[in-house]
Structures are given as structure tokens and as C-alpha cells.
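Chains as they are written, first to last, in our numbering: chain X, 283 to 830; chain W, 42 to 276. Contents: one structure, followed by commentary.
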Amino acid sequence: MAPAIAPSRTAPQYHRDPMPTLRVAFITVTLLAALGACERSSPPTAGSSARGDSSSAGDGAAIMPTSVAQSPVAPLRWGGDAEGGAPFVEADPANPSVVRGFDVEIAALIARGLGREPQFVQVAWASIEQSVERGDFAMGMSGLEDRPALHERFAVSMPYYEFGEVLAVRAEDSARFHTLEDLKGRKVATLSATTAWEMLLEAKAAHGVVPVSYDDDVHPYTDLVAKRVDAVLLDNIIAERSLRRTGGFVIQPTPLAVGHYVAVFAARDSALRDSANVILRARMRDGTLETVFRSWNVWDAQQAAYQQRVLQDSVRARAATADSNAVNGGVAVARPRASIATYLPALLRAAAITMALSILAMALAVALGVGIAAGRVYGARPLQLLLTAYVEIIRGTPVLLQLFVLYYGLSDVVRLPAFAAAVIGLGLNYAAYESEIYRAALEAIPPLQLEAARTLGLSEMQILRLVRGPQALRLALAPMTNDFVALLKDSSLVSVITVVELTKQTAIYATNVGSWVVPGILCAVIYLAMSLPLSRMARRLEQRWKLP
Amino acid sequence: MTSPTSAARTALRIRDLHVQRGDKPVLLGVDLEIAAGEICALMGESGAGKTTVLRVVAALQSFSQGQVTIDGVSLAPGAVPPESQLRELRRRVGVVFQSHALFEHLTALENVMLAPVHAFGQSRADAERTALQLLASLGVQARAGAYPRQLSGGEAQRVAIARALAPDPHLLLMDEPTSALDPARRSALADSLRALAGQGRGLMIVTHDMEFAQSCADRIVVLSDGRIANPQRNS
Chain X
283 MAPAIAPSRT APQYHRDPMP TLRVAFITVT LLAALGACER SSPPTAGSSA RGDSSSAGDG
343 AAIMPTSVAQ SPVAPLRWGG DAEGGAPFVE ADPANPSVVR GFDVEIAALI ARGLGREPQF
403 VQVAWASIEQ SVERGDFAMG MSGLEDRPAL HERFAVSMPY YEFGEVLAVR AEDSARFHTL
463 EDLKGRKVAT LSATTAWEML LEAKAAHGVV PVSYDDDVHP YTDLVAKRVD AVLLDNIIAE
523 RSLRRTGGFV IQPTPLAVGH YVAVFAARDS ALRDSANVIL RARMRDGTLE TVFRSWNVWD
583 AQQAAYQQRV LQDSVRARAA TADSNAVNGG VAVARPRASI ATYLPALLRA AAITMALSIL
643 AMALAVALGV GIAAGRVYGA RPLQLLLTAY VEIIRGTPVL LQLFVLYYGL SDVVRLPAFA
703 AAVIGLGLNY AAYESEIYRA ALEAIPPLQL EAARTLGLSE MQILRLVRGP QALRLALAPM
763 TNDFVALLKD SSLVSVITVV ELTKQTAIYA TNVGSWVVPG ILCAVIYLAM SLPLSRMARR
823 LEQRWKLP
Chain W
42 MTSPTSAART ALRIRDLHVQ RGDKPVLLGV DLEIAAGEIC ALMGESGAGK TTVLRVVAAL
102 QSFSQGQVTI DGVSLAPGAV PPESQLRELR RRVGVVFQSH ALFEHLTALE NVMLAPVHAF
162 GQSRADAERT ALQLLASLGV QARAGAYPRQ LSGGEAQRVA IARALAPDPH LLLMDEPTSA
222 LDPARRSALA DSLRALAGQG RGLMIVTHDM EFAQSCADRI VVLSDGRIAN PQRNS
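Next comes the structure, spelled out in C-alpha cells:
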């Protein structure tokens, strides 16, 4: 079945709103993630939405056999990402242990229609489909975009909402940037692993647009206002929400494409999907969905037209059935070979970025680490205290937080390019760890060696450079190598500040093909191809420098 | 055996040296003179303070009272001065540690060249020539390219002596030089030390080895209860 992406989009992708605004809601999100994890193994909260309960969920869906209150039927576990935020799924500000949003209410409608209670399971947005497949929950919803790859591996519901991919630009550019073609050589931001991202990749090839990938839907707009990017391409719901929240830009009125939100089920659950479709269609017909969308302020003429089309035309339903048959027939493979050919060049480019980033960050970490270690060993007391504080602060806080602060938090003071921020962020973080290695190595040199050097008339600096340093370096080499390999892998964290390195590219690949098997193996092979030679080179150096 | 004359230049003069370790007194007024060309063996029981005397003279340890003069360069009581103020003393005093303390990452030749090149500004060519001569004079030229761990105890000690002599010091301090040597090597070392004294250097040898001291020293002084107990001339 063809997905509901209108104009010229051949490439699929998905969705929405994966990560939230970590800067704004970092703590809340962390708590939510923890709560979500708890919910996997514990009973549901009242949770999946107060609104859904009261508005319409229970009002006689086509399939609603028994009283919910008395039913022994297991709850309908559904997964979404509260980190995505309103209006899809978000923590209720009044009670953060409960989620709300129009996806929450629709999930409740479906659950109640099945005579079951909804039970929300928190899951990272990028993992929703994989979690459905492995049976963590029966249904995935969180602004998931319809796309062809979904239908190859999953039972996909009928689209329940139609959105437009809209271009947001700064006010002064509104007269000249209307389409992607107008943005040749310009940076255009969007969420990674979405339809919009695929559109930007196509526009890159066709028009020379420079796509910039984000892991959340807030920073594309703040960076647009901050002039880090020239435009943002995202769903109209997200754009409008950001406009209300952030302001400082305009949304071009004409969507560049149209897409639809769907719910996903495991291929084996196609019967459940069919039941959900019946419920969705019924709720569409009786106006319940409209009520839900209106309550979240996302109802517009486009939705009215879309629902009318759906109700009058059974094409989509037939297509869904056809999909179901295909899935039941075992067509659940995402053409891995074609995927490899398609994505390998991008993976290799991302690997080059990972390697360059790691080398530069390590060089910075080593240089700073040596300075810090020397300062802690030789410096005056105030300097020692200052450097110790630096090391403890850096080691005691997550590198992810440091990257956010460096890239977004300090953007009013210094507006670093993403790659430079990544190098500096990782370099500053690893410098703390390197300095501890060097300090320990320096202090491991026997005092008698230093006294012998002093009796020869060498200055303290000469002793460090000619006697203590070279011997310490030999001691530090093995842990340094370990750190470099670790840095190679930690470099994946910089995707949060828009650098598309190997792991991020792999996630995009996996999302597109709907499986982590082939992308994961390829990614692992590439990482190994980079790290094993490093380890080997380090062993050779160790041998070469080994004291006879 | 060389006998210093009263007219001989004084390589080391120690007057009323007091050293405290915390509240515990270690040296309680040591007086000692070593003339140029004289070999003085400093003996005493373990813990008597022999190595402390050596470390004070080498400006590795502070002292609380007294005066130490090495070939005209004086050390005052109090904290050890920064290295920048010890340049003249470093040129005048060479130290050979009990465990040799050769730099493990450098060859024997590089160990010997280190101070002349980096501390005293000699050209590498001159320093290498001098270093090879020193190693040859001590019988270890063939081991110039070896790293310390590749040397025997005797070889390492001779390389350490060569390293200490490279700046051409007037006073050579040695801590337990025979601790790792067999009798044949001791005899050879005694010959070497006498040759060095013959060049006009003063030598202070801290040792437990009475036989060795008697075989090569001009004078044996015994340190006891923080003082020189019985200065005597070796016969």
C-alpha cells in the first residue's frame, strides 16, 4: 500500500517529534523515561489519558463487548514517546505520571473500542517500531508517519490525521524562500529519520540544499531564529506549536507535501490492526476524532476534507486490507540488499565524520589533559584546586549535558558551528579523563629518578620534558588507547547537536528499512574496521616504546 | 692512597650541620672536610644519618643549622633553594645513587650526555665525545647503546659514575657503591675511584663495607649519634 505522502515524495520516512526540548525539559524527560521503564514492568497508570476517558472512548465502538470495569481482559499496551511532547504525547503538567495528547486519546479510543483499558508504555520514539515488533506492546503511536517501509514489516492502521510538511523561515526571508528550490546552498533543518529529512536529502541532490538533522523538534526553530539555519521543514503541527512557543519566524502557507499519522502493530497482529481500523473509522464517522483534534487545537479544514474523503472512499481501507494480506503472507523483509547499496555510501561518509571528529577531539583532549595534569602536579595550590574542580565537574556531569550547554546554552555568547562544538565538547570532556591518566602516570615515576635528574642540573621543566614525561607516556599509552576507542564510540552522542555521524546515520537507515539487523551489522563492522586498526597501532607503539 | 696536604684545596666543608626529621633530630652538629683528591668513607650504623649527610650536600634535603660549602659554593640552612639557584652547585657535585637511578628510557650514552647537553649547553658532538671517553675510562664503552635494564649491576654503576662525572664535578658523592658488586668488581671500583681522586676530585663514599673503605679511602669517618665519632686516617 502506498503511504499517504502526497506530492513528489518517493522516499519514505517517518514521523515526528522524537526527542523533546532537552534544554527546556531535561529533568522532566528523564523522569518520564524512568517512569516509562517502570511501567513496562508495573501496572498501568491511570494514565493513558483523562481526556480520552471522558470524551468519547467508551461510547459504543463497533467492537466493545464487555464492561471495561468488569472485564478480565488484559489491557491494551501501547507505546509512545512522551518526550515528543504535545500535542501528540506528553506528560501532564498537573500530574507528570500521566500522559496526555491527541495520540493518547486516540489510543484510549481504540482500547476502549476493544473493550480493554489502555496502558501506556514509554519508549524512545526511534524505537517504537522495533518495540512493537518484539512484543513490548501491541500498538505504537506517537505521531508516526505513514511510509512504504512500514507496510513491509508491520500491520499499519488507516491514517487518522493528515498533516502538511511546511517550510518555516525568518520573517525577512519570507518573500524569497517558498520552496526547497529557493534554498540552494542554504541550511534547512528538520528531524532526522522523517519524511521531511528524506525530502531534504532529495533536495540536496536536486537543488543543492544543505540538510541539517536534529534529534528534537525545538532546536531547529531556535536555531532558525538564531540564524544557524535558514529554514525548517517539518509537520505543520510542530511548526505551529513552535511558532506559538518560540516565535521569531513565519510559516509559509503552502505545504510542500502532505503526510499522515498512523498506528503500527506487529505483522502478526493484523487482526488487531483491522479492529483498530474499524474503531477509527467509526470514531471518524461519529465525530469523536474531530472532537479530540479540536480539543488539541489541531482540527482544520484540511482534516475535515481528509476525513470526508476517507469516509466516502474505501480505497484506503482496501489498501490496508491488501497490506494485511501481504503481511500475513510473510512479506516482511525490507529489501536489505537494496538498502545496503543505497545507504552504504552515506554510512561511509558518516564514518569519515566519526573518525575525523574522534581524532580532532582526542588531539584536543590530549593537549589539554597534559596541561591539566602538569598543572595539578606542578602548579601552585590555587591552580591545583581550580584544575581539580574542572576535572571533577566534567567527570561528574553527563557529556550529553555538556554538549547541550556548549552548543545551545552558550549560543548567545558564542555561536559555534556544530562540528566545532562537537570537537570542543568531546575534547573538553575527555581532557578531564586524560589528565587523570597522565597525572597518575607522572606520579608513578619513582622520586629517585627526579632527584637524579635534579643532581644533574636539569630544571623542573627539563625534568618533565626529558625524564618524567617520556617515562610517564609509556605508562599512559595503554589507557590512552582505551580512551580513544571509547571516544570513537562516544562520538555518537554528538548527533544531539546536529552532527550526523555513524551511529546517527545508522539509526536513520534502520528507521527507513524498519529493521536494525542489517544496519546494525554494517555499523558494527565499520566501527570495528576503525577501532581494530587503532588498537593494533597502539599495541605496536607499546611494543616499540616498551623498555628493553 | 692519596694523602691530602694541608695546602690542598677543600672540596667539601661541613660545619655544625644539624638536620631534624619532624621533631626527631638526625644530625646534631656534623663537622667534616674533604680535600680535593681525597677519598673519604663515611660509615656508621643503619639510620645513623650517613645518607642524610650525602643528601644535604647534594642539595636534595634541607638542614636546620650549620653551613655546607662545596668548592666555594655555600648552602644555607632552610629550604632547598630552587634549581635555578643551584646551577653552580650542580656543576660542582656529582652523585651516584645506591640504585644507580639511571633513566630507563635512555641508553647508557644518552644518560651520560643528558646533563652536558641540556643543563650545561654543550653541543651534542662534544657531549658525545666526552661521554664516550668517560664510558671508555670506566670500561663500559661497549655498552654505550644499551638501556639500563640491559646492563649488569656493575655496568650500571659505572654508567652512573660516568653520568655523574659528565659535568666534570669537583666532588663526587657515592651512596653504598659496593652493594651490588662481587669482590672482583669491588676491587675494580676501588681502582676507578682512586683514579678519579688522582684527577683532583674529592670523593665522599657512604658505605657499610669496611673492607672496601679500607681498600680505597684516605680517611674513614664514623657517624654515630648524629655526630662524627672518630675521624681517622686510613692506613
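By construction, the Cβ of each residue, glycine as well, lies at the ideal position given by its N, Cα and C atoms. Small disclaimer: the values here were computed from a predicted structure and weren't measured.
query, result
"So if DSSP puts Trp578/X in a beta bridge, which residue, or which two residues, is it bridged to?", "DSSP output for Trp578/X lists no bridge partner at all."
"Taking His501/X as part of the alpha helix (DSSP H), name the residues at either end of that continuous run.", "His501 to Val507"
"Please list the partners that Val136/W has in chain X, where partner means a Cβ-to-Cβ separation under 7 Å.", "Thr737"
"For Leu234/W, count neighbouring Cβ atoms within 10 angstroms of its own Cβ and tell me buried if that reaches 16, exposed if not.", "buried"
"With 16 as the cutoff for other CB atoms within 10 Å, does Met743/X come out buried or exposed?", "exposed"
"Taking buried to mean at least 16 other C-beta atoms within 10 Å of its own C-beta, is Thr679/X buried or exposed?", "exposed"
"Could you tell me which chain W residues have their CB closer than 8 Å to the CB of Val795/X, listed as they occur along the chain?", "Residues of chain W passing the Cβ test: none, with the nearest at roughly 53 Å."
"Run through DSSP, which three-state label would Leu515/X get?", "strand"
"How many angstroms separate the CA atom of Ser777/X from the CA atom of Leu642/X?", "17 Å"
"Name the DSSP beta bridge partners of His460/X, please?", "Note: His460/X sits in no beta bridge, so no partner."
"Output needed in chain order: residues of the stretch 149-171 of chain W with a Cβ under 8 Å from some Cβ in chain X.", "Leu155, Ala156, His159, Ala160 and Phe161"
"I believe Ala703/X touches Ile779/X by the beta-carbon criterion, under 8 Å. Please report the beta-carbon distance rounded to the nearest angstrom.", "6 Å"
"What are the residues in the stretch 87-108 of chain W lying within 7 Å of chain X by C-beta distance?", "Ala99 and Leu101"
"Just the Cα atoms here: how many angstroms apart are Leu515/X and Pro493/X?", "10 Å"
"Examine chain W for any beta-carbon lying closer than 8 Å to the beta-carbon of Gln744/X, and answer yes or no.", "yes"
"What does a CB cutoff of less than 6 Å around Gly541/X pick up in its chain, not counting 5 residues either side in sequence?", "Ile287, Glu427, Phe445 and Thr477"
"Measuring CA to CA, which of Leu483/X, Ala513/X and Asp499/X is closest to Ala460/X?", "The question names Ala, but residue 460/X in the sequence shown is His. When each option's Cα is compared against that of His460/X, the closest is Ala513/X."
"With DSSP as the reference, label Tyr443/X as helix, strand or coil.", "strand"
"CA-CA distance, Ala545/X and Val580/X?", "18 Å"
"Starting from Ser115/W, find everything on chain X with Cβ-Cβ shorter than 9 Å and list it in chain order.", "Residues of chain X passing the Cβ test: none, with the nearest at roughly 18 Å."
"Is the beta carbon of Trp827/X closer than 8 Å to that of Leu759/X?", "yes"
"Mapping DSSP to helix, strand and coil, what is Phe436/X?", "strand"
"Could you tell me the distance, in whole angstroms, from the CA atom of Arg677/X to the CA atom of Leu710/X?", "10 Å"
"Counting only beta-carbon atoms, is Leu740/X nearer than 8 Å to chain W?", "yes"
"Cβ closer than 8 Å: which chain X residues qualify as neighbours of Ser140/W?", "Leu730"
"Whose CA, out of Ala508/X, Val491/X, Leu483/X and Val782/X, lies closest to the CA of Gly467/X?", "Val491/X"
"Taking the C-alpha atoms as reference points, what is the distance between Arg555/X and Phe436/X?", "10 Å"
"Which chain X residues sit within Cβ distance under 9 Å of Arg132/W?", "Gly739"
"By alpha-carbon positions, which one of His249/W, Leu206/W and Gln198/W ends up nearest to Leu230/W?", "Gln198/W"
"Which residues does DSSP list as the beta-bridge partners of Gly85/W?", "Leu264/W"
"Using 8 Å as the limit for Cβ to Cβ distance, is Val659/X near chain W?", "no"
"Going straight from the alpha carbon of Leu130/W to that of Leu708/X, what length do you get?", "47 Å"
"Hey, how far is the Cα of Glu365/X from the Cα of Asp499/X?", "10 Å"
"Can you tell me which residues form a DSSP beta bridge with Leu357/X?", "According to the sequence shown, residue 357/X is Pro rather than Leu. BP columns for Pro357/X are empty, so no partner."
"Can you name the residues that DSSP bridges to Phe402/X?", "Trp360/X"
"Around the Cβ of Thr504/X, are there at least 16 other Cβ atoms within 10 angstroms (buried) or fewer (exposed)?", "buried"
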